[in-house]
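Following: one structure in structure tokens, then a few remarks.
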Amino acid sequence: GEQVEQRPPHLSVPEGDSAVIICTYTDSATAYFYWYKQEPGAGLQLLMSVFSNVDRKEEQGLTVLLNKKDKQLSLNLTAAHPGDSAVYFCAVSGSSSFSKLVFGQGTSLSVVP
Amino acid sequence: ETAVFQTPNYHVTQVGNEVSFNCKQTLGHDTMYWYKQDSKKLLKIMFSYNNKQLIVNETVPRRFSPQSSDKAHLNLRIKSVEPEDSAVYLCASSRTISNERLFFGHGTKLSVL
């Protein structure tokens with residue numbers, strides 16, 4: 001079945017710097033890609049979603065890149081600020097209606113003022 | 114804005130006791146889920162229900178049983194809790210079963226002494 005590796009597990013960046021989180025998946029039929037953010041004591045909140053026909057998507061200081069050749073998905077937070085400190089998860093699923101959503105292991109991001 | 118409500122927020126209990134967690138969504142979604150998040154933040158799906166019907170039942174111990182009275186409610190009962198059940202239990206919903214974004218509740222943190 002699908003496996004997702006997310007790295008790094010922990011990331012600390014100074015305020016204003018960019019932060020990059022990468023997920024590698026195994027199933028070439030993977031069709032849907034998501035990035036979620038989890039703040040302390042809260043559930044996961046969807047940040048961005050892309051379908052497999054999209055290579056790049058930008059929204060509000062976030063950039064998602066999809067490299068289907070290398071089966072890699074990345075999230076780039078440009079000009080990170082302390083409010084971005086949270087745990088970030090990638091998640092992927094296949095195109096079938098009953099495909100399971102598979103989560104990465106999470107990245108704990110700390111943005112230092 | 115929260116639209117998936119979980120109760121309680123926290124629960125502390127002793128080994129062997131029974132616990133029940135409640136989840137309600139006000140989004141009119143057809144599908145609901147229970148995830149377990151361990152102390153390392155790893156997420157594992159436990160169950161998913163579509164229109165009150167069990168769709169996914171991952172390999173979880175038999176002491177876990179989901180209960181759905183209607184498509185807006187999905188509760189989780191644990192008979193005779195074990196120490197390894199200590200975790201955050203996250204409820205989520207999606208519009209349909211098919212590759213839709215998930216909306217999460219804030220979670221219920223269970224501590225088994």
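Line by line, the protein sequences give chains A and Z.
The opening position of the first sequence corresponds to residue 1 in the working numbering, with each subsequent residue numbered one higher.
The opening position of the second sequence corresponds to residue 114 in the working numbering, with each subsequent residue numbered one higher.
Beta carbons are placed, not taken as given, at the ideal position from N, Cα and C, and that holds for glycine.
* Closer than 7 angstroms, Cβ to Cβ, to anything on chain Z: give me those residues from the segment 48 to 71 of chain A, in chain order. => Result list: S49.
* What are the residues that DSSP puts in a beta bridge with Z:K186? -> In the sequence on display, residue 186 of chain Z carries His and not Lys. DSSP output for Z:H186 lists Z:K137 as bridge partner(s).
* Asked: Who are the neighbours of A:K100 on chain Z, taking C-beta pairs under 8 angstroms?
  -> I158 and V169
* Asked: What residues from chain Z crowd round A:G41, counting only those whose CB sits closer than 8 angstroms?
  -> H219 and G220
* Host beta strand (DSSP E) of A:H10 (start-end) -> H10 to P14
* Please confirm whether A:S93 and A:L101 have their CB atoms less than 9 angstroms apart. => yes
* Asked: In angstroms, rounded to a whole number, what distance separates the CA positions of A:P113 and A:R56?
  -> Those two C-alpha atoms are separated by around 29 angstroms.
* Within chain A, partners of Z:K137 - CB distance below 8 angstroms -> What Z:K137 touches in chain A: nothing, since even the nearest Cβ is about 14 angstroms away.
* DSSP-derived helix/strand/coil call for A:P113 -> coil
* Nearest candidate by alpha-carbon position, reference Z:V258, set Z:A116, Z:N188, Z:V128 and Z:S161 -> Past the edges of chain Z, shown from 114 to 226, lies residue 258 of chain Z, and the structure says nothing about it.
* To do: Can you give me the Cβ contacts of Z:M145 inside the same chain, cut-off strictly under 6 angstroms, excluding the 5 residues immediately before and after it?
  => Y162, L187 and S206
* Asked: Looking at C-beta atoms only, is the number of pairs between the segment 26 to 38 of chain A and the segment 69 to 89 of chain A that lie closer than 8 angstroms three or more?
  -> Contact between the segment 26 to 38 of chain A and the segment 69 to 89 of chain A is present: three or more C-beta pairs spanning the two stretches fall below 8 angstroms.
* Which two residues bound the contiguous beta strand (DSSP E) that contains Z:H219? -> Where Z:H219 is concerned, there is no enclosing beta strand (DSSP E), because DSSP gives it neither an H nor an E.
* To do: Would you kindly work out how many angstroms separate the C-alpha atoms of A:G104 and Z:N130, rounded to a whole number?
  => 32 angstroms
* Please check if any C-beta of chain A sits within less than 9 angstroms of the C-beta of Z:F134. => Chain A contact via Cβ: absent.
* To do: Select from Z:P196, Z:S211, Z:I210 and Z:Y202 the residue whose C-alpha is nearest the C-alpha of Z:F217.
  => Z:Y202
* Asked: Whose C-beta lies closer than 6 angstroms to the C-beta of A:H10 among residues of the same chain, with five residues either side of it excluded?
  -> S108
* With a Cβ-Cβ cutoff of 9 angstroms, do Z:L189 and Z:W147 count as a contact? -> Yes, these two residues count as a Cβ contact at 9 angstroms.
* Asked: Apart from the five residues just before and just after Z:F177, which ones in its own chain have a Cβ nearer than 6 angstroms to its Cβ?
  -> Listed in chain order, the non-local C-beta contacts of Z:F177 below 6 angstroms within the same chain comprise I191, local neighbours out to five positions each way being set aside.
* Within chain A, the residues that Z:K154 reaches when beta carbons sit closer than 7 angstroms -> V87 and G106
* Asked: Of all the CB atoms in chain Z, is at least one closer than 9 angstroms to the CB of A:Q3?
  -> A:Q3 does not count as touching chain Z.
* Cβ separation of Z:T126 and Z:V117, assumed to be a contact under 8 angstroms, to the nearest whole Å -> Not confirmed; about 23 angstroms, so no contact.
* Z:S161: first and last residue of the uninterrupted beta strand (DSSP E) it sits in -> L156 to N163
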